[in-house]
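Everything below concerns the one structure shown next.
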Amino acid sequence: MLIKGNQPRDWWRTSTVYQVYPKSFKDTTGRGTGDIRGVTEKLDYIKGLGIDIVWLQPVYVSPQNDNGYDVADYYNIDPAFGTMDDFDELVRELKKREMHLMIDIVVNHSSTEHRWFKEARSSRDHAYRDYYIWKDPASDGGPPNNWQSKFGGSAWQYDEGTGQYFLTLFDKTQADLNWENEKVRQEVVDILTFWAEKGVSGFRMDVINLISKDQRFPNDDGSIPPGDGRKFYTDGPRVHEYVKELNDKVFRPYNLVTVGEMSSTTLEQCIRYSHSEENEFSMTFNFHHLKVDYPNGQKWELKPYDFEELKQLLSDWQIGMQQGGGWNALFWNNHDQPRALTRFTDDNEYRVESAKLLATTLHGLQGTPYVYQGEEIGMPDPEWGDISEFRDIESRNMYEILLQRGKTAEEAAQIVKVRSRDNSRLPMLWDDSHQAGFTTGAPWIKIDERYPAINARSQAEDPKSIYHHYRELIELRKNLAVLTDGEYSRLDDGHPQVYAYTRKNMEQTLVVISNFSRDEVQFEFPSRFRATLLAARSKKLLVGNTEKTPEIAVSVKLPPYGSYMWLINNVN
11 MLIKGNQPRD WWRTSTVYQV YPKSFKDTTG RGTGDIRGVT EKLDYIKGLG
61 IDIVWLQPVY VSPQNDNGYD VADYYNIDPA FGTMDDFDEL VRELKKREMH
111 LMIDIVVNHS STEHRWFKEA RSSRDHAYRD YYIWKDPASD GGPPNNWQSK
161 FGGSAWQYDE GTGQYFLTLF DKTQADLNWE NEKVRQEVVD ILTFWAEKGV
211 SGFRMDVINL ISKDQRFPND DGSIPPGDGR KFYTDGPRVH EYVKELNDKV
261 FRPYNLVTVG EMSSTTLEQC IRYSHSEENE FSMTFNFHHL KVDYPNGQKW
311 ELKPYDFEEL KQLLSDWQIG MQQGGGWNAL FWNNHDQPRA LTRFTDDNEY
361 RVESAKLLAT TLHGLQGTPY VYQGEEIGMP DPEWGDISEF RDIESRNMYE
411 ILLQRGKTAE EAAQIVKVRS RDNSRLPMLW DDSHQAGFTT GAPWIKIDER
461 YPAINARSQA EDPKSIYHHY RELIELRKNL AVLTDGEYSR LDDGHPQVYA
511 YTRKNMEQTL VVISNFSRDE VQFEFPSRFR ATLLAARSKK LLVGNTEKTP
561 EIAVSVKLPP YGSYMWLINN VN
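Below is the structure:
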């Protein structure tokens with residue numbers, strides 16, 4: 011089906027997305043922060059990976075209390091990132107390279123510096139008052155209910171001028187918009203239409219499943235952990251109605267690729283959000299697999315990750331979304347998560363093997379893969395010094411909260427060092443020159459000191475590098491149908507060190523085996539798969555991450571962090 015342009019509606023199913031965090035990507039001015047022209051300058055590098063879609067995170071006018079996710083003007087570029095002419099040039103240069111631009115849309119909330127909010131807080135009777143969620147104080151004068159902010163503390167902020175509280179599910183300067191107001195929904199349609207007319211090909215919708223709140227605004231009785239109020243606004247009562255409205259008015263007419271970021275959602279909800287017949291989003295992000303090192307679901311505590319839980323979650327979502335007709339956005343990394351390389355594997359002795367293992371494991375799954383800047387060269391979490399090195403508002407807030415909860419300064423600092431979003435926000439390592447080629451000035455946040463050994467230039471020049479491993483995987487997705495339509499089946503049966511699965515269609519079977527340990531491991535294929543293996547017409551290694559590659563057989567010896575993808579042609 012063709013809508014606008016000459017592309018099929020589901021053109022993104024064989025694509026790969028590259029996520030750019032512009033503040034840390036490339037600085038062309040010497041101010042120490044990345045900018046739009048820096049993205050344009052590096053498009054050939056991104057194109058070299060085989061990327062089809064570039065996801066650009068917020069570059070709108072913003073006070074930058076939450077790194078641009080606090081939008082003060084949805085129609086203009088923040089001068090820190092450049093100009094609208096710079097943005098238009100980026101769109102043109104992407105199109106020259108037959109690539110697409112996806113931009114972030116943040117409409118669960120706006121900055122309190124936005125004109126709408128400034129007008130809204132001026133008077134209870136102002137026309138913009140109902141653009142936000144206002145409530146009278148509780149009988150004791152405190153917040154209207156016990157909902158908690160995602161960034162810590164109450165989700166309500168008191169406005170002295172009008173004597174009411176306004177809702178802030180994130181930072182206190184990010185006021186939640188009132189989607190019950192039809193005028194707010196039309197404003198969002200207008201914003202999306204403006205950028206679609208600018209030539210963008212898609213939108214990533216920030217925490218979009220939180221836009222519909224239970225209008226009773228009740229207290230959370232704690233019967234469902236964590237008891238912070240999220241059960242009253244996550245996948246809320248009218249959310250699907252609202253998303254369908256956006257699809258009908260903008261997504262579908264412009265044939266856009268869309269991804270919904272889903273906070274604390276469920277598999278059933280994501281099937282509905284991304285099912286083609288529901289006419290909502292192209293795909294969804296969920297974060298369950300990135301909580302396997304949260305003790306009792308608590309992000310700001312530490313424990314080793316649960317490998318079996320990780321595998322089971324990936325499998326449940328593969329099978330569930332496939333059977334339900336949904337579509338996954340596949341990712342290990344993003345701007346809100348520590349680097350998976352440090353988190354799940356070995357970022358030191360086996361850094362290269364580990365980075366390739368994570369890539370192979372993810373890119374064999376069904377969905378649209380996302381590559382976060384620096385992932386393709388094996389950037390690890392940095393080695394942090396003092397807590398003063400952090401810039402992230404969530405990290406700074408939580409450090410103080412952890413101290414208030416009784417943690418020592420050393421314990422609180424260690425937790426923040428492991429969990430901070432700043433782990434993924436350090437500047438991109440371009441080469442071995444001063445400041446890793448990111449800036450000629452003083453960077454807004456520290457540069458990882460390992461840039462002489464870990465940088466994009468050296469990897470692009472090395473055919474055996476992590477970068478070229480990603481290139482191979484991205485190219486396979488464009489040309490190998492089984493990666494799009496193959497049925498998923500897990501093979502490892504709870505193996506303590508190995509994750510193994512197949513993707514199978516009528517013609518071919520893809521086999522992926524990864525050893526997530528520093529031990530040499532013997533892996534036995536289960537009996538249910540052996541007939542397929544023994545009867546195969548041909549078996550071909552597609553990608554591997556070690557110099558010496560084992561043969562695929564009933565029993566396979568896997569070296570430390572060994573990871574391989576084979577293609578089996580089925581018997582006719």
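In my numbering, the protein residues as written are 11 to 582. Note that CB positions come from ideal geometry on N, CA and C, so glycine has one too.
Taking the Cα of residue 112 as reference, the smallest distance to any Cα among 293, 533, 214 and 357 is reached at 214. Assignment of beta strand (DSSP E) within the segment 190–251, counting only whole runs of 3 or more residues, yields 212–215 in chain order.
Inclusion of residue 381 and residue 29 in the CB contact set at 8 Å is warranted, their separation being smaller than that value. In summary, residue 358 is exposed, with fewer than 16 beta-carbon neighbours lying within 10 Å of its beta-carbon over all protein chains present. By the beta-carbon neighbour count (other beta carbons within 10 angstroms, threshold 16), residue 146 is exposed. Secondary structure within the segment 267–314: the beta strand (DSSP E) runs of 3 or more consecutive residues, fully enclosed, are 267–271 and 293–295 (chain order).
Counting the other CB atoms within 10 Å of its CB gives residue 154 a total of 16 or more, which places it among the buried residues.
In the three-state reduction of the DSSP assignment, residue 138 falls in the coil class, being assigned neither a helical nor a strand state. By the neighbour-count definition (other C-beta atoms within 10 Å, threshold 16), residue 403 is a buried residue.
In the displayed model, residue 65 falls within a strand according to three-state DSSP. Counting along the chain, the unbroken beta strand (DSSP E) around residue 119 starts and ends at 119–121. In this structure, the alpha-carbon of residue 378 lies about 8 Å from that of residue 293.
Between residue 376 and residue 496, the C-beta gap is smaller than 8 Å, which places the two residues in contact. Leaving aside the five residues that flank residue 60 on each side, the residues in its chain whose CB is nearer than 6 Å to its CB run, in chain order, 481, 484 and 485. Put simply, the segment 333–352 does not touch the segment 506–515. Fewer than three CB pairs are less than 8 Å apart.
Residue 375 carries a coil assignment under DSSP once its states are collapsed to helix, strand and coil. Between residue 134 and the set 175, 160 and 123, the nearest pair of CA atoms involves 175.
When secondary structure is reduced to three states using DSSP, residue 347 falls in the coil class, being assigned neither helix nor strand. Scanning the segment 396–420 from its first residue to its last, the whole alpha helix (DSSP H) runs of 4-plus residues come out as 403–414. Proximity of the segment 425–444 to the segment 392–410 meets the contact definition, three or more beta-carbon pairs being nearer than 8 Å.
Here residue 330 is not near residue 372, since their CB atoms are 8 Å or more apart. Annotated as distal: residue 274 and residue 246, with beta-carbon spacing of 8 Å or more. The Cβ neighbour count for residue 429, taken over all protein chains shown within 10 Å, is at least 16; the residue is labelled buried.
Restricted to the segment 508–545, the beta strand (DSSP E) segments that are unbroken, complete and at least 3 residues in length are 508–514, 518–525 and 531–534, listed in chain order. With a 10 Å radius around the Cβ and a threshold of 16 neighbouring Cβ atoms, residue 363 comes out buried.
Proximity of the segment 186–199 to the segment 126–143 meets the contact definition, three or more beta-carbon pairs being nearer than 8 Å.
C-alpha of residue 216 to C-alpha of residue 470: approximately 32 Å in a straight line.
Straight-line measurement puts the Cα of residue 457 at about 12 Å from the Cα of residue 443. Closest by C-alpha distance to residue 304, out of 250, 315 and 577, is 315. For residue 478, the enclosing alpha helix (DSSP H) begins and ends at 476–489. By the neighbour-count criterion, in which a residue is buried when 16 or more other Cβ atoms sit within 10 angstroms of its Cβ, residue 569 is buried.
The Cβ atoms of residue 355 and residue 526 sit closer than 8 Å to each other. Annotation: residue 81 is outside any alpha helix (DSSP H) and is labelled neither H nor E by DSSP. A direct Cα-Cα distance of roughly 36 Å separates residue 309 from residue 534. The continuous alpha helix (DSSP H) containing residue 327 extends over residues 317–334. One thing to note: residue 520 has its Cβ no nearer than 8 Å to the Cβ of residue 553.
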